Amino acid sequence: MTSAPLNRRLAEFGTTIFAEMSALAARTGSINLGQGFPDTDGPEEIREAAVRALRDGRGNQYPPGPGVPELRTAIADHQRARYGLEYDPDTEVLVTAGATEAIAATLLALVGPGDEVVALEPYYDSYAACVAMAGGTRVPVTLRPHEGPRGGAADGRFLLDLDELRAAVTPRTRLILLNTPHNPTGTVLTRAELTAVAELAVERDLLVVTDEVYEHLLFDGAEHVPIATLPGMRERTVTIGSAGKTYSFTGWKVGWTTASPELTSAVRSAKQFLTYVSSGPFQYAVAEALRLPDAYYDGLRADLQAKRDLLSAGLAEAGFEVYRPQGTYFVTTDIRPLGSDDGFAFCRALPERAGVVAIPNAVFYDHREAGAPFVRFAFCKRTDVLEEAVSRLKRLG
Numbered sequence: 006m007t008s009a010p011l012n013r014r015l016a017e018f019g020t021t022i023f024a025e026m027s028a029l030a031a032r033t034g035s036i037n038l039g040q041g042f043p044d045t046d047g048p049e050e051i052r053e054a055a056v057r058a059l060r061d062g063r064g065n066q067y068p069p070g071p072g073v074p075e076l077r078t079a080i081a082d083h084q085r086a087r088y089g090l091e092y093d094p095d096t097e098v099l100v101t102a103g104a105t106e107a108i109a110a111t112l113l114a115l116v117g118p119g120d121e122v123v124a125l126e127p128y129y130d131s132y133a134a135c136v137a138m139a140g141g142t143r144v145p146v147t148l149r150p151h152e153g154p155r156g157g158a159a160d161g162r163f164l165l166d167l168d169e170l171r172a173a174v175t176p177r178t179r180l181i182l183l184n185t186p187h188n189p190t191g192t193v194l195t196r197a198e199l200t201a202v203a204e205l206a207v208e209r210d211l212l213v214v215t216d217e218v219y220e221h222l223l224f225d226g227a228e229h230v231p232i233a234t235l236p237g238m239r240e241r242t243v244t245i246g247s248a249g250k251t252y253s254f255t256g257w258k259v260g261w262t263t264a265s266p267e268l269t270s271a272v273r274s275a276k277q278f279l280t281y282v283s284s285g286p287f288q289y290a291v292a293e294a295l296r297l298p299d300a301y302y303d304g305l306r307a308d309l310q311a312k313r314d315l316l317s318a319g320l321a322e323a324g325f326e327v328y329r330p331q332g333t334y335f336v337t338t339d340i341r342p343l344g345s346d347d348g349f350a351f352c353r354a355l356p357e358r359a360g361v362v363a364i365p366n367a368v369f370y371d372h373r374e375a376g377a378p379f380v381r382f383a384f385c386k387r388t389d390v391l392e393e394a395v396s397r398l399k400r401l402g
């Protein structure tokens with residue numbers, strides 16, 4: 006028997022930081038502001054829709070490979086109503102086991118050995134693993150914090166250097182992998198930035214894969230612009246969405262892709278050998294969730310914005326430099342004002358020091374030194390939990 010423990014493509018990937026820090030939270034009794042999952046369920050009527058589907062025998066056996074028709078139609082209707090994007094639910098919509106499978110299936114389908122994938126760094130850790138599994142090469146373009154004339158977190162925004170993006174594209178580039186609203190920085194790419202990315206993709210004949218799972222988690226009037234709406238992008242873009250973040254049912258693992266028939270067929274070819282199908286009864290419930298009125302989304306944003314402000318103020322009071330996010334439910338902080346520049350060491354010590362768990366942003370970087378002083382906190386928790394976390398963090402002062 007060979008002693009090699011892992012396929013060499015995965016040799017650099019071990020246990021995820023999320024598993025490590027969640028275990029640390031459990032062991033120390035700390036408040037877990039590391040992994041991004043809510044501590045309350047989503048709308049009661051949507052939970053009851055799942056119960057009803059179970060009782061009615063809908064989805065208890067294998068659902069159709071592309072997803073149940075009711076959900077595929079609801080996804081197409083959502084894209085049309087929100088963004089004016091027309092997709093055929095039969096040929097241009099694919100339901101997946103969460104956005105993570107959508108990312109994996111898309112990259113496995115579209116990237117081959119030697120292909121380069123340009124991605125915005127820091128990035129969700131599954132991006133790097135999926136590019137590796139496909140045999141591709143990741144090429145990071147680093148988002149950097151916008152600093153004011155005196156330094157510091159001027160407006161909470163991490164900026165995309167468009168010249169750096171253009172320079173990263175080579176004859177071997179296969180696709181650009183986007184994420185907006187962006188995890189972990191909370192940046193929402195502007196229409197002007199996305200237009201520049203679109204023009205580059207058209208000019209160099211590149212595919213674009215865009216992870217838009219935080220599309221409804223926007224603050225301070227920020228606008229989400231799907232890059233597929235821009236000229237020349239409809240036929241070269243795979244858009245990834247998810248129910249987990251929007252409706253607070255992350256355990257249901259219902260995601261999707263929307264793309265041209267050719268791209269959808271390619272992604273489906275890979276997806277069928279991953280999970281084949283998943284989340285049967287929950288698909289019917291998510292179809293109902295996608296038809297919730299605007300009042301639901303308005304309430305979600307208002308609730309999360311208040312929690313963002315509560316945690317951001319508490320972190321600033323505790324001595325962190327805070328980058329107030331425009332979207333998602335994460336706050337990125339700089340720990341250097343607290344006398345540390347090693348996010349890993351800081352996060353591993355934080356449970357004992359303050360009874361709170363966070364995530365070191367360096368895990369989201371290829372250029373680890375660029376992310377070393379940044380730490381991410383999740384604010385998708387109950388208000389009383391956040392208030393207790395803020396109280397505990399004052400011990401750092």
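Start counting the sequence shown at 6; every next residue gets the next number (our numbering). Every residue gets a Cβ at the ideal spot worked out from N, C-alpha and C, and that includes glycine. Note that the structure is a prediction, hence the values are computed from the model and not measured.
Taking each of A264, V291, A55, I80 in turn and checking the Cα distance to V213, the smallest one comes out for A264. L212 carries a strand assignment under DSSP once its states are collapsed to helix, strand and coil.
Less than 7 Å separates the beta-carbon of A124 from that of L182. Excluding sequence positions up to five before and after L167, its CB lies within less than 6 Å of the CB of A201, all in the same chain and listed in chain order. Taking a contact as a CB-CB distance under 8 Å, the pair F382 and L320 counts as one, their CB atoms being some 7 Å apart. Taking A172 as reference, the option from T147, T190, T195, P189 with the minimal CA-CA separation is T147.
Sequence-distant Cβ neighbours of S27 in its own chain, meaning closer than 7 Å and more than five residues away, are N37, G39, Q40. Assignment of A248 by DSSP, reduced to helix, strand and coil, places it in the coil class. C-alpha of G140 to C-alpha of A248: approximately 29 Å in a straight line. Take A109, set aside five residues on each side of it, and the residues of its chain with a beta-carbon closer than 6 Å to its own are C135, in chain order. Taking each of P266, A307, Y301 in turn and checking the Cα distance to Q331, the smallest one comes out for A307.
Around the C-beta of A363, 16 or more other C-beta atoms lie within 10 Å, and the residue is accordingly described as buried.
Separation of L113 and V272 (C-alpha to C-alpha, rounded to the nearest whole angstrom) is 8 Å. Fully contained in the stretch 47-107 are the following alpha helix (DSSP H) runs of length 4 or more, in chain order: 49-60, 74-88. With contacts defined as CB atoms closer than 7 Å, F369 and P189 qualify as a contacting pair.
Close CB contacts of D371 within its chain, under the 8 Å cut and outside five residues either way in sequence, are with E126, A133, R143, P145 (chain order).
Where T190 is concerned, there is no enclosing alpha helix (DSSP H), because DSSP gives it neither an H nor an E. For the pair G103 and G260, the CB atoms are nearer than the 7 Å cut-off.
By the neighbour-count criterion, in which a residue is buried when 16 or more other Cβ atoms sit within 10 angstroms of its Cβ, K399 is exposed. Counting C-beta pairs closer than 8 Å gives fewer than three between the stretch 230-247 and the stretch 337-349, which falls short of the contact rule.
Under the three-state reduction of DSSP, N37 is assigned to strand. For the options V116, Y128, M138, G117, the alpha carbon positioned closest to that of N12 is the one of M138.
Rounded to the nearest whole angstrom, the CA to CA distance from L29 to R353 is 8 Å.
Counting C-beta atoms within 10 angstroms of its own C-beta, F278 has fewer than 16 neighbours from the protein chains shown and is therefore classed as exposed. If you look at Y301, you'll find it in the alpha helix (DSSP H) that goes 299-323.
In this structure, P365 sits away from S35, with a CB-CB distance that is not shorter than 7 Å. Taking the CA atoms as reference points, V98 sits about 43 Å from A350. As computed with DSSP, G332 is found in a beta bridge with L223.
The shortest CA-to-CA distance from V380 to any of E393, Y92, E392, V361 is the one to V361. Separation of Y281 and T101 (C-alpha to C-alpha, rounded to the nearest whole angstrom) is 9 Å. Beta-carbon to beta-carbon, R177 and D120 are separated by about 7 Å, close enough to satisfy the 8 Å threshold. Between P286 and L59 the beta-carbon gap is near 5 Å, inside 8 Å, which marks them as a contact.
Scanning the stretch 111-136 for uninterrupted beta strand (DSSP E) segments of 3 residues or longer gives 121-126, listed from N- to C-terminal end. The C-beta separation of E217 from T255 comes to about 16 Å, leaving the pair out of contact by the 8 Å criterion. Between Y289 and A54 a beta carbon distance of about 7 Å is seen, short of the 8 Å cut, so the two are scored as contacting. For G260, the uninterrupted beta strand (DSSP E) segment begins and ends at 260-263.
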